[in-house]
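J.:
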Amino acid sequence: MNKARIRKILFSIVGAAAFWMAGDWTYARWVSVQLARTEKQIERDASGLRKGCESFTVGSGKTAILMVHGFADSPAIFRPMASVLAEEGYTCRAMRLPGAGMPVDAARYVTRQMWEDEIYLEIRKLRKTHAQVWLLGHSLGGGLATRVAAQHPDEIAGVVLLAPLFEVSSRRSPVLTARQWFDMAYRTLLFTDVLEIAFARDMKDRTALAIDRRDQFIPFNIYCELFGLVDSLQSIAPQVRRPLLVVVSNDDRVVDSNAARTFFRACASEKKLLLETQEAGHVIPIDRGWETTAQSIGRFIEQERSEKISEKTTGEPPTHLPKA
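In the numbering used here, the protein residues as written are 686 to 1009.
#1: So, arginine 781 versus serine 759, is the Cβ gap smaller than 8 Å?
#2: On the DSSP letters alone, give me the boundaries of the alpha helix (DSSP H) that phenylalanine 867 sits inside.
#3: With a Cβ-Cβ cutoff of 8 Å, do glutamate 961 and valine 915 count as a contact?
#4: In this structure, how does DSSP classify glutamate 803 when only helix, strand and coil are distinguished?
#5: Can you check which of these residues, Tyr775, Asp890, Met766, is closest to lysine 747 by C-alpha distance?
#6: For the stretch 843-853 against the stretch 962-975, do three or more pairs of beta-carbon atoms, one drawn from each stretch, fall closer than 8 Å, so that the two count as touching?
#7: Can you give me the Cβ contacts of valine 769 inside the same chain, cut-off strictly under 6 Å, excluding the 5 residues immediately before and after it?
#8: With which residues is histidine 823 paired in a DSSP beta bridge?
#9: How many whole angstroms separate the CB atoms of isoleucine 882 and isoleucine 903, which I take to be in contact at a CB cut-off of 8 Å?
#10: Over what stretch of residues does the beta strand (DSSP E) that includes arginine 1013 continue unbroken?
#11: Report yes or no: do the stretch 892-910 and the stretch 785-803 share at least 3 C-beta pairs separated by less than 8 Å?
#12: When you compare the CB positions of leucine 825 and glycine 755, do they come within less than 8 Å of one another, or not?
#13: Using only the alpha-carbon positions, how far apart do glutamate 807 and methionine 752 sit?
#14: When DSSP labels each residue in this structure, what does lysine 957 get in the three-state scheme?
#15: Is any heavy atom of the ligand NAP found at a distance shorter than 7 Å from the C-beta of lysine 813?
#16: Starting from leucine 930, trace the beta strand (DSSP E) in both directions and tell me its first and last residue.
#17: Would you call alanine 749 buried or exposed, if buried means 16 or more other Cβ atoms sit within 10 Å of its Cβ?
#18: Going along the chain, which residues of its own chain have a beta-carbon closer than 8 Å to the beta-carbon of leucine 874, five neighbours each way excluded?
#19: On a CA-only basis, which of Ala731, Tyr712, Arg735 is nearest threonine 723? Give me that one, please.
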């Protein structure tokens, strides 16, 4: 290869790198401006928490359901479902994950371990005042709930997973998979440390957006923690032994529903049930059919509770309960 051709190749490489860095810097500046504009429209309390994103508790039953929201989300997503389950006799505690609903600077150093520690702390608090604690997680919250259930099986009575994150879907990812885009960004971004969520909510009932409190700008480290969580879940199924209810959407464009089905088949729970919804997108807790899902959750927990009572009194489980 002659020197002229080598120089041409080198110039092309340098030019491409310079173009990429310029784009990176421009995007970082654009996000900074958009973030500042958005912040002016957000109402926050004295601690910096966006109003409407607070943890909350409804109901006063002896069985508690700890609800864990997903990526860039907030406890607000559980308000309708929690109200229905509270009317059925459950105590519903919708917790806020560290960093959620807070300014970007407050979320920059949040880790998966912080999320898991906070979930465990909430479980311990509920166990002091309730006969049973069930763990319910949506999306990323479902992945976190799975890890906590595997690590602390004696602390919970069972697990409910709604559109759980076991793998990120690539249905809305152009050319490359979602993982490949993340890996490339991780290796090449120099100036960008905050990303704006580009996609609309994956849900069929747009009226439910009225109660939505999604964070629009996410520090890059949160994406790192998300994919780290996905990696940590790949071989965890045999460690999940508590009663398990999984609800997936057949039209989910955020998480890979097939990955959730694979997990369900592999998990070690003796009592497990997989439900599939045709009505909702990814945001099952507030999308079409959420009332039916809430009823299924209450029925599953009540059946399991009745089985435990029957075993204590007769030594045999009731025969009318559905088998997975």
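By construction, the Cβ of each residue, glycine as well, lies at the ideal position given by its N, Cα and C atoms.
T.: A quick look at the data gives this:
#1: yes
#2: 863-873
#3: no
#4: helix
#5: Tyr775
#6: yes
#7: Ala979
#8: Leu847
#9: 7 Å
#10: Residue 1013 lies beyond the residue range present for the chain, which begins at 686 and ends at 1009; the question has no answer from this structure.
#11: yes
#12: yes
#13: 10 Å
#14: Strand at lysine 957.
#15: The ligand NAP is not among the ligands present in this structure, which contains no ligands whatsoever.
#16: 929-934
#17: With 16 or more Cβ atoms within 10 Å of its Cβ, alanine 749 is classed as buried.
#18: Asp709, Phe905
#19: Arg735
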